[in-house]
Structure formats: C-alpha cells, structure tokens
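Going by the numbering used here, the sequence shown opens with residue 122, and the numbers climb by one from there.
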Amino acid sequence: MIRCISSAARAAAKCRKLQGDTSQHARSVVAQHTTSRPFSGVADAEELVDESPLSPPDVPKRKISQRDTYLEELPVTFSDISRANVAIRTGVKRTPCIKSFFLSELIGANVFLKTEFQQFTGSFKERGARNAILALLREHGEEYMRKNGVIAASAGNHALALAYHGKDLNVPVTVVMPVVAPLAKVDKCKKFGATIVIHGAHIGEAKEHAEELIASSGLEYVNGYDDPPIIAGAGTIGIEIIEDVPCVDAVVVPVGGAGLIAGIGCAVKTLKPDVKVYGVEPYFAASYTAALKAHAPVSTKVTPTLADGLAVPMVGSHAFEVARHYVDECVLCTEKEVSLAILRLIENEKMVVEGGGATGLAALLPGAQLDRHDLKGKNIVVPLCGGNIDTTVLGRVLERGLAADDRMKNFTATVSDRPGGIGRLTTLLGEHGASIKDMYHERAFLQSNIDFVKVKCVVELQGREHAMLIDKMLEENGYDPVWDGD
Numbered sequence: 122m123i124r125c126i127s128s129a130a131r132a133a134a135k136c137r138k139l140q141g142d143t144s145q146h147a148r149s150v151v152a153q154h155t156t157s158r159p160f161s162g163v164a165d166a167e168e169l170v171d172e173s174p175l176s177p178p179d180v181p182k183r184k185i186s187q188r189d190t191y192l193e194e195l196p197v198t199f200s201d202i203s204r205a206n207v208a209i210r211t212g213v214k215r216t217p218c219i220k221s222f223f224l225s226e227l228i229g230a231n232v233f234l235k236t237e238f239q240q241f242t243g244s245f246k247e248r249g250a251r252n253a254i255l256a257l258l259r260e261h262g263e264e265y266m267r268k269n270g271v272i273a274a275s276a277g278n279h280a281l282a283l284a285y286h287g288k289d290l291n292v293p294v295t296v297v298m299p300v301v302a303p304l305a306k307v308d309k310c311k312k313f314g315a316t317i318v319i320h321g322a323h324i325g326e327a328k329e330h331a332e333e334l335i336a337s338s339g340l341e342y343v344n345g346y347d348d349p350p351i352i353a354g355a356g357t358i359g360i361e362i363i364e365d366v367p368c369v370d371a372v373v374v375p376v377g378g379a380g381l382i383a384g385i386g387c388a389v390k391t392l393k394p395d396v397k398v399y400g401v402e403p404y405f406a407a408s409y410t411a412a413l414k415a416h417a418p419v420s421t422k423v424t425p426t427l428a429d430g431l432a433v434p435m436v437g438s439h440a441f442e443v444a445r446h447y448v449d450e451c452v453l454c455t456e457k458e459v460s461l462a463i464l465r466l467i468e469n470e471k472m473v474v475e476g477g478g479a480t481g482l483a484a485l486l487p488g489a490q491l492d493r494h495d496l497k498g499k500n501i502v503v504p505l506c507g508g509n510i511d512t513t514v515l516g517r518v519l520e521r522g523l524a525a526d527d528r529m530k531n532f533t534a535t536v537s538d539r540p541g542g543i544g545r546l547t548t549l550l551g552e553h554g555a556s557i558k559d560m561y562h563e564r565a566f567l568q569s570n571i572d573f574v575k576v577k578c579v580v581e582l583q584g585r586e587h588a589m590l591i592d593k594m595l596e597e598n599g600y601d602p603v604w605d606g607d
C-alpha cells in the first residue's frame, strides 16, 4: 500500500495522541508508512530490481524477494482485501478501536479493543458475508443469483450475517442449522427472510445436508471461514486497525476456522510488516495448532467450550494456507481465562461479548500464555469479534468468572445440629464481610457425632485475600472448612 506524506503525518499525529509519544517516535512512524512494503516472511533468496534507470547511483535499489512473489499467489492477497474494503464499506459498520484504561492497567500494555460485536448482527461475520454475496453477484449476474440464491450451514453468526445481507442485497438465503442451534438465532434468521432447514445433530451433519441441497437446487454454497471472499472481507478489519492505531505493535486474534486471522494477518503484515500477529484458540478446540504440527489441516477432537463459536474440528484449507505465512504464533487459553475475560469486559468496559469473541483478551490476562515480558508496554489491538451470547449462558459464565476470580467460593463445614448452630456460622460469615449466596445441610451421610450436621455454603467474597481471611476465621472457630477446588 502506498501512502502519501500527508497521510503518514496524520498517522504519526494519531500515535502521539494515543500514546503521548515523542517527536522522534512520530518521525519513525512517518518513515514506516512511507517505506513499508508487503511482508516477506523469513529471509530467502532476493533479487535486486532497478526501478528507474535514471536513478542517481547513491539511491539504494529496492529489493523484491521470491517470497513476495509467492505471497501474491496465495488464495487471498492484500489486493483482494483492498477490493473488499471498498466493496463493503457502504453496508458494514466501521467499528472503533477503543483504548481501555482498566485493561491496560491490568495487562501492563496499551490495550485497544476493536468492537466488532457492534455490527448489526453482532459479529465480524458481516464483512465476509457481504463481500461473498457481492462477489457472486459480479460472477453470475443479478438475475441468476436472485433466482437461485446462496446456502450455508451454520448454527450462529455466519447464518445471521448471510441472512441479513442477503435480504439487503435481494439475494435469497437458505441456512441449514443443526438441532442444537439456539432458538433465538433461528428466529432472527427467519426475521431476515432466510429459509431455515433444521437438520443434523451437529454442524458437520448440517453441512452434509447443505451439500445435498446444492446438488438438487443449484444454490451457491458460502463457507463461513474458508471461501476466499469471506477471508478477504474479514481482512478489512486489519486495514482499519492500521488506520486507527498506526503505532500498533501486536494484534491478538481469536482462531476458529482460521479465516479471520488469515485476513487480518495478511492486511496487517502487508501494511506494517513489523507488527506481531498472535492467534488464540481454546484448549478444547485446538484445530489450528494441530494443523501447524501436521503442516496441513487435520481433523481434531473438539469438546464443548465457552468459546463455542471457535469450535471448528478442522481449519479451512485456504485459510490455513494464508494464515501460516503471516501469523507469528498461536497460543491456547483455558475455560477459566475465557470466563474471566467476559467478566472483565462487562465490569470494566460495559461490553457483553461471547466466549469466542473474548478469547483474544483471555490470552493476555495475568497468568495466561501471552502474559509475558516482551508484550509489556506495547500497543496491542484485540478484536472483540462477536457478542451473540445467550442470556442463560451469560449467567453461568459470569458465575464461573466470579469463581475463577475468587469472588464466589463454596466450602463444606461441620456444625452443631442444636438450635443456634447454623446461626453462629452465618453470624461469623456476616461479621467478616462474606455474603451467603446459598446454603445446604444434610444429616444422613455424616459419619460422626449424631449431634452434628454437614453444611455446604456458597459465599460471595471480595477476592483472594478475603477468601484467605474467611478460611483463617473458620479454622480458628473450629469449623475446619473444606473448600471446593483446593
């Protein structure tokens, strides 16, 4: 991408405003934006190209590596992303990159949140869906597409995005959804005018049925993470990141089918090659990590996870081919870290984000895999890529987050079964600031003195130090508590 001096100067000014940088740093940003060229990966054979035979002899000749030429032959290139950026801009919201004061303090870096969950249907999937439909309209013509339409297999965000933009572009949409698809998402797709087919116990069976329908109906299939137009549409996020946070040092991206990180990685590394691109996926759905080890997409065992939007058993072949050339590293996160990330966003930023959308932040939290020295003090952008979380699931996730944060704990203790026995325990807890959320006591299964009863308490606390204080108080009063999880 070629930038003029004035746009580079504006970029430097934005860096100073965001970070309070010195003029020397601003000048380095100008230099980056006026001399940057596509990311070339690892060092390899290079050839010198004399751009102008009339150039003075002291002007250095620009180098073009064989690697650069190879990258232009990948399924998706920066040119594809640039075209997508122009094509979708009138139909997709440009989301802001907001610097988080609280998360920056917690993580020890300048953390910027790219709020993709603010799209109309609640996720970044709108970018790829609109770009894919527009590409099919150009390829087959309006009459053909509006007669036949498109089809996809999805249980969530891709279905919503395709249904919404299909209605907007007057292209019929059919969505095959498994029986486990949330009813709220099924109803929303219907409201957008999509034809809904419920089939299969999981997304794999839904996809097989969609392929059968293609053979008999002439519908065009749109893969939610592996079609090149989908990847290019997702890559427009990378362009916006560089424009909004030109001093960015690292981008941390959730990984499911790998389409999002492939697009963002290509865009970011082309515009600013020195930016680090990190992928994050849950331990329970580590399909990209498995693909890296095998050097090709492979089927991976996936178990239920809070980041359900990332639970893809095998990454896309096109997405993997692009991502592996641009992504610096991929790390894993735990269910505890995901629940904590959702909790931190709600409490500190008043943002409701689904598990998959919060996975990038999860890896940066204290104790997680990207909580390390080389990222401290850096400018880090985290795309929050989805906010479609069921309210019932949200309640359970928040409780898990509170438990992971030592603000909700449960213990078992033995108390006197005589009048006032449980009352004494509750009084002690209240005097020390513990709020009782639930209590259960039973007599039949206690193998001790018949005058005692076992009590299980769930208490709300203020954190780890408060929990240690309550534990000490209970022991000093002879309750000998047994804490779950210890």
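Every residue, glycine too, gets a C-beta built ideally from N, C-alpha and C. All figures in this text were calculated on a predicted structure; none of them were measured in a lab.
Which same chain residues end up closer than 8 Å to P487 when comparing Cβ atoms and leaving out the 5 residues on each side of it in sequence?
L227 and I228
Rounded to whole angstroms, what's the CA-CA distance from D605 to N531? Just pull it up for me.
Answer to the nearest angstrom: the Cα atoms are 6 Å apart.
Pull up the distance between the alpha-carbon of K457 and that of G476, whole angstroms please.
11 Å
When you compare each of P349, K268 and E402 to G380 by their alpha carbons, which one comes out closest?
The shortest Cα separation from G380 among P349, K268 and E402 belongs to P349.
Got a sec? Which residues, its chain only, sit under 8 Å from V580 by beta carbon, not counting five neighbours each side?
M529, K530, N531, F532, L550, A555, S556, I557, K558 and I591
Exposed or buried, what is V300 when buried is set at 16 or more other beta-carbons lying within 10 Å of its beta-carbon?
exposed
A525 by DSSP, collapsed to three states: which one?
helix
With DSSP as the reference, identify every bridge partner of N231, one or two as the case may be.
N500
Count the other CB atoms, across all protein chains shown, that sit within 10 Å of the CB of H494; report buried if there are 16 or more and exposed otherwise.
exposed
Check each candidate in E468, T535, H553 and G437 and name the one with the smallest Cα separation from G522.
E468
Are the beta-carbon atoms belonging to E361 and K235 less than 9 Å from one another?
yes
Could you tell me the boundaries of the beta strand (DSSP E) in which S556 lies?
S556 to E563
Flag this pair as yes or no: are the beta carbons of G430 and G507 separated by less than 9 Å?
yes
Excluding the 5 residues flanking T242 on each side, which residues of the same chain have their C-beta closer than 6 Å to its C-beta?
L281, A282 and Y285
Since A411 contacts V452 with CB under 8 Å, what's their CB separation in whole angstroms?
About 14 Å separates the two Cβ atoms, so there is no contact after all.
Buried or exposed: which applies to Y600, given that a residue is buried once 16 or more other Cβ atoms fall within 10 Å of its Cβ?
buried
Is K558 close to chain C, meaning its C-beta is less than 9 Å from at least one C-beta of that chain?
Checking the listed chains, one finds no chain C in this structure; it contains a single protein chain.
Let me make sure I understand the geometry here. Which of N206, N500, M594 and K593 has the alpha-carbon closest to that of D370?
N500
Alpha helix (DSSP H) containing A588: first to last residue?
R585 to E597
Per DSSP, what kind of secondary structure is E332 in: helix, strand or coil?
helix
For A406 and A428, which I take to be in contact (beta-carbon distance under 8 Å), what is that distance rounded to the nearest angstrom?
7 Å
Can you tell me whether L571 is buried or exposed, with buried defined as 16 or more other CB within 10 angstroms of its CB?
The question names Leu, but residue 571 is Ile in the sequence shown. By the neighbour-count rule (16 or more Cβ atoms within 10 Å), I571 is not buried but exposed.
Starting from C310, trace the alpha helix (DSSP H) in both directions and tell me its first and last residue.
L304 to K312
What whole-angstrom Cβ distance do T295 and L340 have, given they're in contact under 8 Å?
6 Å
Counting only runs that start and end within the stretch 403-432, where is the alpha helix (DSSP H) found for 4 or more residues in a row?
408-415
List the endpoints of the continuous alpha helix (DSSP H) containing T242.
Looking at the DSSP string, T242 is not in any alpha helix (DSSP H), and its letter there is neither H nor E.
Is the beta carbon of G354 less than 9 Å from the beta carbon of G249?
yes
Pick out whichever of L255, V419 and D308 has its Cα sitting closest to the Cα of E442.
V419
Is K393 helix, strand or coil when you go by DSSP?
coil
Can you tell me whether H439 is buried or exposed, with buried defined as 16 or more other CB within 10 angstroms of its CB?
Of the other Cβ atoms in all chains shown, 16 or more fall within 10 Å of the Cβ of H439; this residue is therefore buried.
What are the uninterrupted segments assigned as alpha helix (DSSP H) that are 4 or more residues long and contained completely in the stretch 328-390, given in chain order?
349-365
Might you give, ordered along the chain, the residues of its own chain that have their beta carbon closer than 6 Å to the beta carbon of L257, omitting 5 neighbours on each side?
M266 and E341
Whole angstroms are fine: how far does the CA of R517 sit from the CA of S161?
Any reading at S161 must be qualified, since the residue scores a pLDDT of 39, below 50, and its modelled position is unreliable; no value is offered.
Which same chain residues, not among the five before or five after H330, have their C-beta less than 8 Å away from its C-beta?
A274, V297, V318, H320 and G321
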